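Here our numbering runs 91 ahead of the position in the sequence shown, where the first position is 1. Cβ coordinates follow ideal geometry from the N, Cα and C atoms, glycine included. None of these values were measured; they are calculated from a predicted model. First up is the structure itself, then whatever we jot down about it.
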Amino acid sequence: MVISVLQLKEIDAGYGKIKVLDKLNLNITENKIYCLLGPNGSGKTTTFRIISNILMPWSGIIEMEDIILNKDNDYHSKSYKGYISYLPEGSRLYPSLTVEQNLRFWSKVYGTDETKISEVMEFLSIDNLSSKKTAVLSHGQLKRVDLARALLKDSKILILDEPFSGLDPEAVKNGRKIIKELSSYSYIVISTHVLLIADQIADTVGIIYRGKVMLEDSVEKIKKKLKIGTIKIMAEGDVDYALSALNYDYEHKEGYYYVKVHDFDKETPVIVDALTKENCKVKEVKISDNVLEEIYLELTRGN
């Protein structure tokens, strides 16, 4: 049985009279990396501000272990805040200070031992930046120093809001590696609007749209649950004839046939059987790599 680490139940929240979250339910489990996936304006940052206890909900319940936050206690618990470390999308560093000075400042704020600064800097490969002012750092370097700041706080859950935003492909690759390593020590919760990142890094994905988590599960279970998407087939022979006879929409590129289906489990055997009957040699059959994008579009279509 998968154990819950943190739950949001029926959360309503917003700013002034503007409602952003609408009866939102979210369940972070012991699967190590949770990705909240959704377009800009869907409620990702508001959800993270709720989890981090920066923004108070209008109604609903927050649960973590034996801690329950609700209207009765004004959503306040000192012990709860100690469990959470939050890295917003924008930098929280002082540009006039060096990297080391920034980290020493935040170490005092968090009440952590300053010896941890060198450990964190070495882990993130920023020890060579210690004497540089953050004002002169690149965007990718700033992201790492901000992450170092968040890691100074010993926390059970590390929340990263759009951690890959504005990074080049190499920096994204390194960032994924770092997050995977961090997941050995903390539960990682990230947000992104980039489908490929969610597919590559997450153990669990929550798809958020207009303030509601519409679907939440592992990527593989989501694929099986919805059963829609594209089958990727490598085969030799008169494949075009066999697929056309079945009236499937498909395209042929880079050695693969991409066939759109409505039910993976039912339709895959039918397609393979049809290819075999046409004396086609089937070498490989699998779910297309971009299936999460297709699921996301299907869920949000018409909304």
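Proximity winner among V285, L251, G257, V330, relative to R140 (alpha-carbon distances) = As a position in the sequence shown, residue 140 is number 49, starting the count at 1. Selected option, being the one with the closest Cα: L251.
Cβ-based neighbour list, K368, same chain, cut-off 8 Å, excluding 5 preceding and 5 following = As a position in the sequence shown, residue 368 is number 277, starting the count at 1. A333, listed in sequence order.
M325 lies in the beta strand (DSSP E); which residues open and close that run?
-> Residue mapping note: residue 325 aligns to position 234 of the sequence shown, counting from 1. For M325, the enclosing beta strand (DSSP E) begins and ends at 320 to 327.
Separation of L146 from K264, as counted between CA atoms | Indexing the sequence shown from 1 puts residue 264 at position 173. Indexing the sequence shown from 1 puts residue 146 at position 55. Taking the straight line from one Cα to the other gives about 32 Å.
Confirm, please, whether the CB-CB distance from D103 to S150 is below 8 Å.
-> The residue given as residue 150 occupies position 59 in the sequence shown. The residue given as residue 103 occupies position 12 in the sequence shown. Against a cut-off of 8 Å, the Cβ pair of D103 and S150 comes out as a contact.
Between L115 and N370, what straight-line distance do the alpha-carbon atoms span, to the nearest angstrom?
-> Mapped onto the sequence shown, residue 115 falls at position 24. Mapped onto the sequence shown, residue 370 falls at position 279. Taking the CA atoms as reference points, L115 sits about 51 Å from N370.
Endpoints, alpha helix (DSSP H) assigned at H230 = Taking the sequence shown and counting its residues from 1, one reaches residue 230 at position 139. Note, H230: alpha helix (DSSP H), 230 to 242.
Alpha carbon of S379 to alpha carbon of T136, nearest angstrom | Locating residue 379 in the sequence shown gives position 288, where the first residue counts as 1. Locating residue 136 in the sequence shown gives position 45, where the first residue counts as 1. Approximately 30 Å, taken between the alpha carbons.
Just the Cα atoms here: how many angstroms apart are S277 and D245?
-> The residue labelled residue 277 in the question sits at position 186 within the sequence shown. The residue labelled residue 245 in the question sits at position 154 within the sequence shown. When rounded, the distance between both Cα atoms is 9 Å.
Thinking just about the alpha-carbon of each residue, which of K351, I362, I119 is nearest to the one in E389?
-> Position 298 of the sequence shown holds residue 389. Looking at the Cα atoms, K351 is the closest of the given residues.
Determine the direct distance from the alpha carbon of A262 to that of Y300, and round the result to whole angstroms.
-> Numbered from its first residue, the sequence shown carries residue 300 at position 209. Numbered from its first residue, the sequence shown carries residue 262 at position 171. Answer to the nearest angstrom: the Cα atoms are 28 Å apart.
Short Cβ contact (8 Å threshold) for Y339 with I324 | As a working note, residue 339 is residue 248 in the sequence shown. As a working note, residue 324 is residue 233 in the sequence shown. Remark: C-beta atoms of Y339 and I324 do not approach each other more closely than 8 Å.
Reference N164, options I152, I175, E156, Y174, closest by Cα | Along the sequence shown, read from residue 1 onward, the residue named residue 164 stands at position 73. The option with the nearest alpha carbon to N164 is I152.
Look at D293 and Y125 and say whether their C-beta atoms are less than 8 Å apart.
-> Your numbering for residue 293 matches position 202 in the sequence shown. Your numbering for residue 125 matches position 34 in the sequence shown. First, the residue type needs correcting, since residue 293 is Ala and not Asp in the sequence shown. Their beta carbons are under 8 Å apart, which means A293 touches Y125 by this criterion.
Reduced DSSP secondary structure (H/G/I, E/B, other) of D308 | Along the sequence shown, one-based indexing puts residue 308 at 217. Residue state, collapsed to three classes: strand.
Quick one: what's got a C-beta closer than 8 Å to F196's C-beta in the same chain, skipping five residues either side?
-> Taking the sequence shown and counting its residues from 1, the one referred to as residue 196 is at position 105. Taken in chain order, the residues that qualify are Y185, L188.
Can you name, in chain order, every residue of its own chain whose Cβ lies under 6 Å from the Cβ of V296, other than the five neighbours on each side?
-> In the sequence shown, residue 296 corresponds to position 205, counting from 1. Excluding positions up to five away in sequence, the list reads C126, L128, A289, V310.
Range of the contiguous beta strand (DSSP E) that encloses T295 = Taking the sequence shown and counting its residues from 1, one reaches residue 295 at position 204. T295: member of the beta strand (DSSP E) spanning 295 to 300, first to last residue.
With distances taken between CB atoms, is the gap from D241 to L249 smaller than 8 Å?
-> Against the sequence shown, residue 241 aligns to sequence position 150. Against the sequence shown, residue 249 aligns to sequence position 158. The amino acid occupying residue 241 in the given sequence is Ala; Asp does not appear at that position. It is a contact, given that the beta carbons lie within the stated cut-off.
Counting only runs of 3+ residues fully inside the region 166 to 203, write out the beta strand (DSSP E) ranges in chain order.
-> DSSP runs (the beta strand (DSSP E)) wholly in the region 166 to 203: 175 to 178.
Simplified DSSP assignment, three categories, for K114 | Taking the first residue of the sequence shown as 1, we reach residue 114 at position 23. K114: strand per DSSP, three-state reduction.
How close, in whole Å, do the beta carbons of E180 and E253 come, if the pair is a contact with beta carbons under 8 Å?
-> Numbered from its first residue, the sequence shown carries residue 180 at position 89. Numbered from its first residue, the sequence shown carries residue 253 at position 162. At roughly 5 Å, the Cβ-Cβ gap stays under 8 Å, so E180 and E253 are in contact.
Cβ atoms of L160 and G302: under 8 Å apart, would you say?
-> The sequence position of residue 302 within the sequence shown is 211, counting from 1. The sequence position of residue 160 within the sequence shown is 69, counting from 1. No.
Which partner residues of I153 appear in the DSSP bridge assignment?
-> The sequence position of residue 153 within the sequence shown is 62, counting from 1. Answer by DSSP bridge pairing, in chain order: L99, L160.
Neighbourhood of S274 by C-beta distance below 6 Å, restricted to the same chain and skipping five residues each side = Translated into the one-based positions of the sequence shown, residue 274 becomes position 183. Around S274: K123, I124.
Helix or strand or just coil, what does DSSP make of L388?
-> Along the sequence shown, read from residue 1 onward, the residue named residue 388 stands at position 297. Three-state DSSP puts L388 in a helix.
Exposed or buried, R183, counting other C-beta atoms within 10 Å across all chains shown (16 or more means buried)?
-> Counting from one through the sequence shown, the residue named residue 183 turns up at place 92. With fewer than 16 other CB atoms across the displayed protein chains lying within 10 angstroms of its CB, R183 is exposed.
Answer with buried or exposed for N131, where buried requires no fewer than 16 other C-beta atoms within 10 angstroms of its C-beta.
-> Position 40 of the sequence shown holds residue 131. Exposed, because fewer than 16 other Cβ atoms sit within 10 Å of the Cβ of N131.
Where do the N-terminal and C-terminal ends of the alpha helix (DSSP H) with S277 fall, by residue?
-> If you number the sequence shown from 1, residue 277 lands on position 186. Where S277 is concerned, there is no enclosing alpha helix (DSSP H), given that its DSSP letter is neither H nor E.
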